[in-house]
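Visitor:
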Amino acid sequence: VDRVIAVDIGTPLLDVDNITSVFAVTGQMVTLLTRRNTVEQLETLNDDDILITPALDEIGTLGFDKYELAFERGYQATRALADRLLALSVDDSQWNRYLARRDIDHEREPVVDRIVLRNESRIDDRLIEVRLRQPLGQALDRAQLEEDIQQIYGLDYFESVDYEIVPEEGQTTLLVKLREKSWGTDNLRLGAGLVSDLNGDSRYNMSVQYRQSGINRLGAEWGGRAQIGDTIILDLEFYQPLDPVARFYVEPYIRYLDYEVLTFGPERDFSQPIGAWRVRRGDLGADVGVNLPLASRIKGGLFRGYGSYRVDTGSPELGSDDFNEAGVLFGFLHDSLDNAYFPTRGVNVLADYERNVSALGADQDFSRWRIWGQGAFSFGQDDANTVILGLRT
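One gets the working numbering by counting positions in the sequence shown from 1 and adding 3 to each.
#1: With 16 other CB atoms within 10 Å as the buried threshold, where does residue 40 fall?
#2: Hey, quick one: how far does the alpha helix (DSSP H) through residue 391 stretch, first residue to last?
#3: Which partner residues of residue 248 appear in the DSSP bridge assignment?
#4: Residue 339: which of 87, 297, 301 sits nearest, CA to CA?
#5: Any chance you could list the alpha helix (DSSP H) runs of at least 4 consecutive residues sitting entirely within the region 327 to 372, in chain order?
#6: Compare the Cα-Cα distances from residue 293 to each of 172, 245, 165 and report the closest residue.
#7: What does residue 55 pair with, by DSSP beta-bridge criteria?
#8: Return helix, strand or coil for residue 160, following the three-state DSSP convention.
#9: Just checking my contact of residue 181 with residue 164 at CB under 8 Å: how many whole Å lie between their CB atoms?
#10: Three-state secondary structure (DSSP) at residue 193?
#11: Going by alpha carbons, who is nearest to residue 128 out of 44, 211, 222?
#12: At the level of alpha carbons, what is the spacing between residue 390 and residue 149?
#13: Compute the Euclidean distance between the alpha carbons of residue 37 and residue 10, then round it to the nearest angstrom.
#14: In whole angstroms, what separates the C-alpha of residue 286 from that of residue 392?
#15: Assign residue 344 to one of two classes, buried (16 or more other C-beta atoms within 10 Å of its C-beta) or exposed (fewer than that).
#16: Starting from residue 99, trace the alpha helix (DSSP H) in both directions and tell me its first and last residue.
#17: Could you tell me how far apart the beta carbons of residue 119 and residue 137 are, in whole angstroms, since I believe they sit closer than 8 Å?
#18: Which residues does DSSP pair with residue 381 in a beta bridge?
#19: Please report the distance separating the alpha-carbon of residue 169 from that of residue 157.
#20: Thinking C-alpha only, which one of 366, 263, 334, 276 is nearest residue 315?
#21: Relative to the C-alpha of residue 318, which candidate in 357, 295, 267, 329 has its C-alpha closest?
#22: Is the distance from the Cβ of residue 348 to the Cβ of residue 381 below 7 Å?
#23: Which whole runs of the alpha helix (DSSP H) in the region 120 to 174 are 4 residues long or more, in chain order?
#24: Which runs of the beta strand (DSSP E) at least 3 residues long sit entirely within the region 198 to 235? Give them in chain order.
#25: If residue 260 sits next to residue 288, beta carbons under 8 Å apart, how far is it from one beta carbon to the other, in whole angstroms?
#26: Is residue 353 near residue 330, with beta carbons less than 7 Å apart?
#27: Just list the residues that DSSP pairs residue 38 with in beta bridges.
#28: Is it buried or exposed, residue 365, if we count other Cβ atoms within 10 angstroms and call 16 or more buried?
#29: So, for residue 301: in the same chain, excluding its five sequence neighbours on each side, which residues have a beta-carbon less than 6 Å away from its beta-carbon?
#30: Hey, residue 217 and residue 188: beta-carbon distance below 7 Å or not?
#31: Mind checking whether residue 34 and residue 14 have CB atoms under 7 Å apart?
#32: Among residues of its own chain, excluding the 5 on either side of residue 351, which ones have a beta-carbon nearer than 6 Å to its beta-carbon?
#33: Pull up the CB-CB distance for residue 183 and residue 161, whole angstroms please, since I reckon it's below 8 Å.
#34: Looking at the structure shown, is residue 20 part of a helix, part of a strand, or coil, going by DSSP?
#35: Which residues does DSSP pair with residue 272 in a beta bridge?
#36: In the DSSP assignment, find the unbroken beta strand (DSSP E) run with residue 313 in it and report its ends.
Dropping the structure here:
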């Protein structure tokens, strides 16, 4: 490249006096995260390059309502450099020749003779190969290949996934290049919650969650969570695919819970609990599951639980005791929501059936089940309106 035309749309950092809201703090944080890379790129420009810098002082990173003003500022900044830009212009005949050279005849895609992986990660090549659906000896299906690469990148093991068509020795090679995340495959999350009502009752919880993925060649992952407060949680789980396509998996887990259960009188007045139990329980188990097409999964497993409940507030006559649970569990999950937090379309359904069996160590035989569902539907011009419906039993 002889000359670069670059546009810097980085938002300037705010002065301390202007950081007065949670939105300003969020915008400043996003700017800090992106500005370093921008500065590094700008330092590579030379005197022959052209840099367009719109005046965006009052347009923050989250200022989506000011897009028309941003367009106008970009136009003004470009017009200010019109003389330098016009010097690079060509006449119509030159431009048409350029377009003719640039045109790619997609009806004459090369025939792929072999596929080669340049896999710079610990993930097994087979895990990648089963997700590349390009048949050998046939013309390159570019749309299908790009969809496959998106699926591979979505596994969240790689920093980048790219491809290249390499003609060599009379054959055409599809070279797929994969680079492992340079920042690691683990994730740490911190959280805090506070709930209070007009009666002066309040509850709080603080939690930390850690997860590491891609820890072996089949893409296993493990995670743990710890929470303190009104509800105490300690758990560990391990997810191990059993084949390269992750069709089958095994998932052992161990968990400890310490939580409150309110007790109500026979009139079932939920505003007037007569006492509370403190329940402490530990569970361990293992599930074996199958990942199905169309974002679905079924599983089955064994579990064993030990616990106790003790009177926390209220009359001792409420009673305290220990309990044992053991049995089998079956579950189904379907999740086609387009976003975990703000979905606009799709369905999420979770169904579990649990059977406690005294022969396996439970205090008594009984069954319980739960169904949880959520659906998002968008309508109107450009799907501008969204309705989210939920069901829980």
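Even for Gly, the Cβ is constructed at its ideal location relative to N, Cα and C.
Guide: In this structure, then:
#1: exposed
#2: Residue 391 -> not in any alpha helix (DSSP H); beta strand (DSSP E) instead, spanning 388 to 395.
#3: Looking at the DSSP assignment, residue 248 forms no beta bridge with any residue, so it has no partner.
#4: 297
#5: none
#6: 245
#7: 10
#8: coil
#9: 5 Å
#10: strand
#11: 222
#12: 32 Å
#13: 15 Å
#14: 32 Å
#15: exposed
#16: 95 to 105
#17: Not quite, the Cβ-Cβ distance comes to about 12 Å (not below 8 Å), so this is no contact.
#18: 389
#19: C-alpha separation (whole angstroms): 25 Å.
#20: Taking only the C-alpha atoms, the option nearest residue 315 is 263.
#21: 267
#22: yes
#23: Within the region 120 to 174, the complete alpha helix (DSSP H) runs of at least 4 residues are 128 to 132, 145 to 156.
#24: 205 to 215, 224 to 232
#25: Their Cβ separation, rounded to whole angstroms, is 14 Å, which puts residue 260 and residue 288 out of contact at 8 Å.
#26: The Cβ atoms of residue 353 and residue 330 do not sit closer than 7 Å to each other.
#27: Looking at the DSSP assignment, residue 38 forms no beta bridge with any residue, so it has no partner.
#28: buried
#29: 293, 335
#30: Their beta carbons are under 7 Å apart, which means residue 217 touches residue 188 by this criterion.
#31: yes
#32: 338, 340, 377
#33: Confirmed, about 6 Å.
#34: helix
#35: The partner list for residue 272 (beta bridge, DSSP) is empty, contrary to what the question assumes.
#36: 299 to 316
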